[in-house]
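Notes follow the structure.
Numbering (our numbering), first residue to last: 674 to 1047.
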């Protein structure tokens, strides 16, 4: 089968770009021809809150074909991308959809494809964005018109798709694990690499920092944690919000000695140190669909505390792989106390080790191919 993925990939950075590259490799490994049509410009700088959209650390993948053709705000590039895709005569085109801003570009490209010979599938991470903006619904409905098959990774997104397209053919597959960040390293080595006291327990907050991810809830939880264990909160990620908002919480609650903040995008080759050093990952989101960070945690068998929003609790089963908490500082603190005081870590890790093979790329890819062929 000839497959084209339309979505971010190298030199763009981030979880979706990494996922697209891994999915492309998995299709190729399964015996299919696959390539990626990516973005020459993903977000105009005025709309991008971070320092850079590009992966400035890694080298270009040599085992998959990536073409950066789509400028999200230039319709001429949309036509060029559609023509490029048509020239390849694909059996299926998979459109990665995660934000309504991409609706006009992706919706126009799919309208210009040769539909008689090419199937179009929407692979939806988020249909209704965490941070709403004018035009979201219009852009999303424009993209959805003409697409009947949708692949999603959470019940939340499945319900969102159904609400806008009741007749849609929807397949739910769980997010596969990110097993591309290397093997775990010894805890002491990881802590030494990150300059962390080897006797400290580590609560990890990992990923880009935005309001909906609830870092402030986690900071406010720290004074309510009463465990006798010595611990720190390790924040690893670039701040897309006003950093002053969080530093004021640190100062007001006198948390400077309990928080270590590595402010910046974490290179792929360093991720193993953060998850190897962590005793537990905390994702105190206010809203969510699914989170790729949980699947990094599964790879490293790092227990996870999530909040009971969106699809997070669909993956992290309460008191088995971690905790599902209310998005409230006192509730979050209660579960972290339980974790440290009742020595839950080894039991949770054992359960994650047994479960993570369910989320293999082979299983995901085979089920995806079956859905394409329906």
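Glycine included, C-beta positions come from ideal geometry on N, C-alpha and C.
Per DSSP, cross-strand counterpart(s) of residue 934:
Indexing the chain shown from 1 puts residue 934 at position 261. Residue 934 is bridged to 908.
Where do the ends of the alpha helix (DSSP H) carrying residue 864 lie?
Numbered from its first residue, the chain shown carries residue 864 at position 191. Segment 860 to 866, the alpha helix (DSSP H) holding residue 864.
Measuring only the C-alpha atoms, how far is residue 833 from residue 780?
Here residue 833 refers to the residue found at position 160 of the chain shown. Here residue 780 refers to the residue found at position 107 of the chain shown. Cα to Cα, residue 833 sits roughly 18 Å from residue 780.
Alpha carbon of residue 667 to alpha carbon of residue 1029, nearest angstrom
Look at the range of the chain in this structure, 674 to 1047, and you will see that residue 667 is not part of it.
According to DSSP, residues forming a beta bridge with residue 879:
Start at 1 with the first residue of the chain shown, and residue 879 comes out as number 206. DSSP output for residue 879 lists 909 as bridge partner(s).
Output the distance between the C-alpha atoms of residue 726 and residue 715, rounded to the nearest integer angstrom.
The count along the chain shown starts at 1 and reaches residue 726 at position 53. The count along the chain shown starts at 1 and reaches residue 715 at position 42. Unreliable placement is indicated for residue 726, whose pLDDT of 49 sits below 50; the coordinate value is still reported in the next sentence. Approximately 8 Å, taken between the alpha carbons.
Which whole-angstrom value is the C-beta distance of residue 616 and residue 874, which I expect to be below 8 Å?
This structure does not reach residue 616, given that the chain is present from 674 up to 1047, and the question cannot be answered.
Could you tell me which uninterrupted alpha helix (DSSP H) segments, each at least 4 residues in length, are contained entirely in the stretch 737 to 783, listed from first to last along the chain?
748 to 761
Close Cβ partners of residue 946 (< 7 Å) along its chain, the five nearest in sequence each way excluded
Stepping through the chain shown from its first residue, residue 946 is reached at position 273. Counting only Cβ-Cβ distances below 7 Å, and skipping sequence neighbours, we find 858, 863, 866, 867.
Beta strand (DSSP E) segment containing residue 793, residue limits:
Residue numbering aside, residue 793 sits at position 120 when the chain shown is read from its first letter. Per DSSP, residue 793 belongs to the beta strand (DSSP E) from 792 to 797.
Burial state of residue 683, where buried means 16 or more other Cβ atoms lie within 10 Å:
To locate residue 683, count along the chain shown from 1; it is residue 10. Under this definition residue 683 is a buried residue.
Among 958, 845, 855, which residue has its Cα nearest to the Cα of residue 888?
Working through the chain shown from its first residue, we reach residue 888 at position 215. The shortest Cα separation from residue 888 among 958, 845, 855 belongs to 958.
Would you report the Cα separation of residue 763 and residue 928, rounded to the nearest angstrom?
Against the chain shown, residue 763 aligns to sequence position 90. Against the chain shown, residue 928 aligns to sequence position 255. Residue 763 and residue 928: Cα-Cα distance of roughly 55 Å.
Using the beta-carbon count (16 or more within 10 Å), is residue 1012 buried or exposed?
Counting from one through the chain shown, the residue named residue 1012 turns up at place 339. Classification of residue 1012: buried, given that the 10 Å Cβ count is 16 or more.
Beta-carbon separation of residue 1023 and residue 997 under 9 Å?
Against the chain shown, residue 1023 aligns to sequence position 350. Against the chain shown, residue 997 aligns to sequence position 324. Going by C-beta atoms, residue 1023 is not nearer than 9 Å to residue 997.
Give me the DSSP bridge partner(s) of residue 980.
Translated into the one-based positions of the chain shown, residue 980 becomes position 307. DSSP lists 998 as partners of residue 980.
Assuming residue 847 contacts residue 988 (C-beta within less than 8 Å), just tell me the rounded distance between them.
Locating residue 847 in the chain shown gives position 174, counting from the first residue. Locating residue 988 in the chain shown gives position 315, counting from the first residue. About 7 Å; that satisfies the 8 Å criterion.
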